Structure formats: structure tokens, C-alpha cells
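So the sequence lines, in the order shown, correspond to chains B and V. The opening residue of the first sequence carries number 10 in my numbering; numbering runs sequentially from there. The opening residue of the second sequence carries number 10 in my numbering; numbering runs sequentially from there.
Number of protein chains: 2
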Amino acid sequence: MTSYAIVGHLARTDGEFSLNDLPGAGRMDVLCRCVNASLFLSHDLRRDVDCYLVLLGGPKTPKTVLFRGSGIRSLSPDERSAGALVKKALSIPCGSEFREASPGVYVRNGGLERLFPEHAFAVLDEKGADIRTVPAIPEAYLLSDHQNLSDAEEELVKDASRYSVGPACLHADQTITVIANEIDRRKNGWK
Amino acid sequence: MTSYAIVGHLARTDGEFSLNDLPGAGRMDVLCRCVNASLFLSHDLRRDVDCYLVLLGGPKTPKTVLFRGSGIRSLSPDERSAGALVKKALSIPCGSEFREASPGVYVRNGGLERLFPEHAFAVLDEKGADIRTVPAIPEAYLLSDHQNLSDAEEELVKDASRYSVGPACLHADQTITVIANEIDRRKNGWK
Chain B
10 MTSYAIVGHL
20 ARTDGEFSLN
30 DLPGAGRMDV
40 LCRCVNASLF
50 LSHDLRRDVD
60 CYLVLLGGPK
70 TPKTVLFRGS
80 GIRSLSPDER
90 SAGALVKKAL
100 SIPCGSEFRE
110 ASPGVYVRNG
120 GLERLFPEHA
130 FAVLDEKGAD
140 IRTVPAIPEA
150 YLLSDHQNLS
160 DAEEELVKDA
170 SRYSVGPACL
180 HADQTITVIA
190 NEIDRRKNGW
200 K
Chain V
10 MTSYAIVGHL
20 ARTDGEFSLN
30 DLPGAGRMDV
40 LCRCVNASLF
50 LSHDLRRDVD
60 CYLVLLGGPK
70 TPKTVLFRGS
80 GIRSLSPDER
90 SAGALVKKAL
100 SIPCGSEFRE
110 ASPGVYVRNG
120 GLERLFPEHA
130 FAVLDEKGAD
140 IRTVPAIPEA
150 YLLSDHQNLS
160 DAEEELVKDA
170 SRYSVGPACL
180 HADQTITVIA
190 NEIDRRKNGW
200 K
């Protein structure tokens with residue numbers, strides 16, 4: 010079981026955005042690509058993955074949308090497809106517990122302060138330990154969107170382990186792809 | 010210098026498709042994601058990368074669109090952005106030599122039969138050698154979209170080296186991301 014959480018600092022928390030302009034919805038395109046990087050294999054889905062989108066861009070209170078691989082249906086690998094499921098999740102009444110908006114897609118109120126203590130998240134960080142060299146790699150990963158974690162967020166996660174996937178600074182979805190490859194290799198006895 | 014070529018078996022060769030339905034344009038979404046995986050770093054572009062899209066889906070003769078990292082401007086990492094540049098390239102008159110449609114984006118007539126002999130392409134193949142274990146990794150990679158290479162294409166590439174990026178069968182854009190990570194590591198002395 011692997012979990013990813015991506016902090017969307019500007020990502021809208023209502024469903025009033027256009028699927029024709031996902032970047033304009035607080036860079037929702039970044040989060041949609043992370044959903045797809047987390048969940049897709051070629052002609053298959055990773056059923057043992059949860060992907061949390063932490064939406065902090067308002068206008069409403071922060072919300073968290075969960076894509077749970079074990080239950081997902083009707084997801085295609087284009088950005089609009091994930092965007093449509095996020096939009097639907099943000100359009101239903103939202104409470105303090107996860108509520109299913111469509112198969113495998115859930116939404117609740119609350120941001121990183123709530124989610125972070127619920128999992129043993131490692132933080133992706135260019136200065137972290139090389140993920141390839143770590144004897145036992147984590148089961149939960151926290152990533153940021155196109156912005157760095159804020160000072161308050163850094164304070165919240167300051168005791169977490171930190172890992173890097175390589176010498177180049179990648180997009181969050183690319184980072185997830187490299188992590189998933191490392192996990193695949195270890196599970197299957199590849200070097 | 011690294012080159013990627015992706016075969017789009019159904020991808021349209023005219024510009025008469027909607028950016029609101031890239032999957033409906035012969036899975037142009039797959040190719041757009043490959044452009045972005047090839048070229049993007051976080052807040053930067055890989056200037057030493059060429060990405061060729063081989064469009065075979067008609068209605069016109071096969072065309073090849075080249076995204077050259079050294080010249081690209083006005084590319085954002087969402088799928089629509091790459092899609093808009095492909096659409097523009099397919100909308101200009103096209104000859105037998107590459108013609109620039111927008112900065113860093115070129116188009117010419119011709120498909121894989123013409124492109125393949127022009128580079129020392131290695132083929133991505135689940136049964137190929139593990140890319141991590143290869144002493145000197147290739148500079149040019151051929152990938153297929155959501156369909157496998159056809160029998161005729163396999164015959165064309167039958168003498169090429171074959172490499173795998175891991176035990177799981179990934180999307181073409183994910184495969185490119187893993188290759189780029191391996192190249193980054195080797196260039197920077199990471200294990």
C-alpha cells in the first residue's frame with residue numbers, strides 16, 4: 010500500500026472551474042497529473058495506491074480529495090478526466106469525514122494539518138537522501154505543487170524523513186513516477 | 010543530447026481537432042504528455058532534448074512533429090498547451106523538410122520509415138535489458154503510444170537494441186520520465 014499527498018497551494022476548493030482551463034483553477038492541472046502518475050499503469054490501475062489532493066486555494070475552507078485506487082472507475086489518463094472527478098467531488102456537500110463523490114473518489118473538509126498526522130509521510134526534498142539507497146522505503150509521500158511548502162507547512166513536517174529521487178528538480182507528477190518505479194523494482198526483485 | 014520518438018498510431022495529421030477532446034484526436038493526449046515528460050523540469054526546460062511525434066492516424070499522409078528543447082517558447086506543462094502547439098504545426102502547409110510552425114516546433118511529411126534510420130534509436134520493450142544495468146545508455150529512444158508497434162513497425166526496428174525501465178508496464182510518458190531520471194543520475198554521478 011502506497012499513499013501520496015500533494016499540496017495544492019492555490020487549487021480551488023469549489024467546483025466552479027472550467028475543465029478547459031485547469032491551470033486557471035489554481036494549477037489544478039498539476040494535481041490532475043499527480044493523480045494519474047499515482048494510479049496509472051499501461052492499461053491498468055494501481056489498486057494499492059491512495060492519492061490525496063490537499064486543496065488550499067479557497068474560496069471555501071481547505072478540502073482534501075482522495076483518489077483510492079481500489080475503488081476507482083471511470084478514470085482516463087488525460088488531465089480532464091481526473092479534473093472532472095475533482096470538480097464533481099468539490100460540488101457535493103462536504104463534511105468533516107470522507108464522503109464518496111464517485112466510485113473511489115472522496116472529499117472532506119480539512120487541509121494538511123489534519124492529513125499529515127494520519128500517515129507516516131516522508132517528504133520529497135532535493136536535499137533528502139537518495140531514494141535508491143534507502144534500505145526500506147516509505148509507504149507515504151508528501152509532495153508540493155509548483156510552489157514550495159510554506160514556512161508553516163515546513164514547521165508542521167519538520168520531523169519527517171526526507172528523500173530525493175535524483176539530481177534534477179522535477180515536477181511532482183514526475184517525482185511520483187520515479188518513486189513508483191523504485192517501488193515496482195523492489196517488489197519484483199529488480200536492482 | 011537525448012531524442013525521443015513516440016509513434017501515435019491513431020493520432021490525427023490535420024489540425025481539425027478540439028483542444029477540449031485530445032483523446033478524441035487519436036489519443037493526442039498521450040503524445041502531449043510525452044512532449045511534457047521529455048522537456049519539462051521544475052520551472053525549467055530540458056534544452057538538450059528533441060521529441061518527435063510520429064502521427065499516423067490520417068486523414069492526410071503521415072507527419073512528424075518535432076519539439077526541440079533548445080528553441081521552445083510558450084510551452085506550459087498542461088496537456089492543452091502542447092496540444093495547441095501540435096494543432097498549429099498541423100495547420101500550416103507541410104513539405105518534405107522540417108518547417109518551423111512556432112518557436113522550437115517543426116513539422117514535415119513522413120512517418121517512422123523515414124525517421125527511424127536518421128537516429129540510433131533504442132526501442133523500449135518490457136523484455137529488453139534493464140536500463141539501470143546498461144554501461145552506456147542510448148541517446149535516442151523509440152516508444153509507442155497506447156498501442157503496441159505493428160508487425161511492419163517491428164520489422165523496421167528489428168535490429169535495434171531493446172531496453173526496459175522496470176517490471177511494470179508503464180505509459181509512454183512515464184517511461185520517458187524514468188529514462189530522463191536515469192540520464193540525470195549518470196550525468197551527475199549519482200548511483
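A virtual CB, placed ideally from N, CA and C, is assigned to each residue, including glycine. Keep in mind the model is a prediction, meaning the values are calculated, not measured.
{"Asked": "Report the CB separation of L64(V) from T22(V) in whole angstroms; it is logged as a contact under 8 Å.", "Found": "5 Å"}
{"Asked": "Which same chain residues, not among the five before or five after A134(B), have their C-beta less than 8 Å away from its C-beta?", "Found": "It should be noted that the sequence gives Asp, not Ala, for residue 134(B). For D134(B), where only same-chain residues beyond five positions count, the Cβ hits under 8 Å are R171, Y172, S173."}
{"Asked": "Hey, is K136(V)'s beta-carbon within less than 8 Å of any beta-carbon in chain B?", "Found": "no"}
{"Asked": "Just to confirm, is the Cβ distance from L121(V) to V16(V) under 8 Å?", "Found": "yes"}
{"Asked": "Please check the pair V143(B) and N190(V), which I expect to be a contact at CB under 8 Å, by giving their CB distance rounded to whole angstroms.", "Found": "That belief does not hold up - the Cβ atoms of V143(B) and N190(V) are roughly 16 Å apart, past 8 Å."}
{"Asked": "Taking buried to mean at least 16 other C-beta atoms within 10 Å of its own C-beta, is E88(V) buried or exposed?", "Found": "buried"}
{"Asked": "Taking 7 Å as the cut-off, does the CB of I192(B) come closer than this to any heavy atom belonging to the ligand PLP?", "Found": "Absent from the structure shown: the ligand PLP. Ligands present: none."}
{"Asked": "Taking C-beta pairs closer than 7 Å, name the residues in chain V that P176(B) reaches, listed in chain order.", "Found": "D193, R194, N197, W199"}
{"Asked": "Y115(V) to V44(V), Cα distance in whole Å?", "Found": "13 Å"}
{"Asked": "Do S51(B) and Y13(B) have their CB atoms nearer than 8 Å?", "Found": "no"}
{"Asked": "Measuring CA to CA, which of G175(V), A181(V), R195(V), W199(V) is closest to N197(B)?", "Found": "G175(V)"}
{"Asked": "Would you report the Cα separation of S79(V) and A129(B), rounded to the nearest angstrom?", "Found": "41 Å"}
{"Asked": "Give me the Cα-Cα distance between R194(B) and E148(B), rounded to the nearest whole angstrom.", "Found": "15 Å"}
{"Asked": "Of the choices V132(B), P86(B), V166(B), L40(B), whose alpha-carbon is the least far from that of D154(V)?", "Found": "P86(B)"}
{"Asked": "Using CA coordinates, which residue listed in G137(B), S111(B), S105(B) is at the minimum distance from L84(B)?", "Found": "S111(B)"}
{"Asked": "Run through chain A and tell me which residues come within less than 7 Å of H180(B), C-beta to C-beta.", "Found": "Among the chains of the structure shown, chain A does not appear; the protein chains present are B and V."}
{"Asked": "Would you mind telling me which residues of chain V sit closer than 7 Å to P32(B), beta carbon to beta carbon, in chain order?", "Found": "S85, D87"}
{"Asked": "What residue does the beta strand (DSSP E) around R117(B) start on, and which one ends it?", "Found": "114 to 118"}
{"Asked": "Please state whether DSSP places R89(B) in a helix, a strand or coil.", "Found": "helix"}
{"Asked": "With a threshold of 16 other CB atoms inside 10 Å of the CB of R82(B), please say whether the residue is buried or exposed.", "Found": "exposed"}
{"Asked": "Rounded to the nearest angstrom, what separates G35(B) and A161(V) at their Cα positions?", "Found": "45 Å"}
{"Asked": "Name the chain B residues whose beta carbon is nearer than 7 Å to that of T186(V)?", "Found": "Q183, T186, V187"}
{"Asked": "So that I know if they touch, is there some Cβ in chain B lying closer than 8 Å to that of T22(V)?", "Found": "no"}
{"Asked": "Give the DSSP-derived three-state secondary structure of R77(V) in the structure shown.", "Found": "strand"}
{"Asked": "Using beta-carbon positions only, say whether P68(B) and G119(B) come within less than 8 Å of one another.", "Found": "no"}
{"Asked": "According to the neighbour-count rule (16 or more other Cβ atoms, all chains shown, within 10 Å of its Cβ), is I101(V) buried or exposed?", "Found": "exposed"}
{"Asked": "Within 10 angstroms of the Cβ of D38(V), are there 16 or more other Cβ atoms? Answer buried if so, exposed if not.", "Found": "buried"}
{"Asked": "So what does DSSP say about S170(V), is it helix, strand or coil?", "Found": "coil"}
{"Asked": "Pick helix, strand or coil for C43(B), following the three-state DSSP scheme.", "Found": "helix"}
{"Asked": "Check the DSSP bridge columns for G17(B) and list the partner residues they point to.", "Found": "L64(B)"}
{"Asked": "Against chain B, with Cβ distances strictly below 8 Å, would N157(V) count as a contact?", "Found": "no"}
{"Asked": "Three-state secondary structure (DSSP) at F125(B)?", "Found": "helix"}
{"Asked": "When we look at the beta-carbon of K96(B) and count the other beta-carbons within 10 Å, is it buried (16 or more) or exposed?", "Found": "buried"}
{"Asked": "Going straight from the alpha carbon of G137(B) to that of E106(V), what length do you get?", "Found": "46 Å"}
{"Asked": "Is the shortest distance between the beta-carbon of R141(V) and the beta-carbons of chain B less than 8 Å?", "Found": "yes"}
{"Asked": "Beta-carbon separation of G92(V) and L19(V) under 8 Å?", "Found": "no"}
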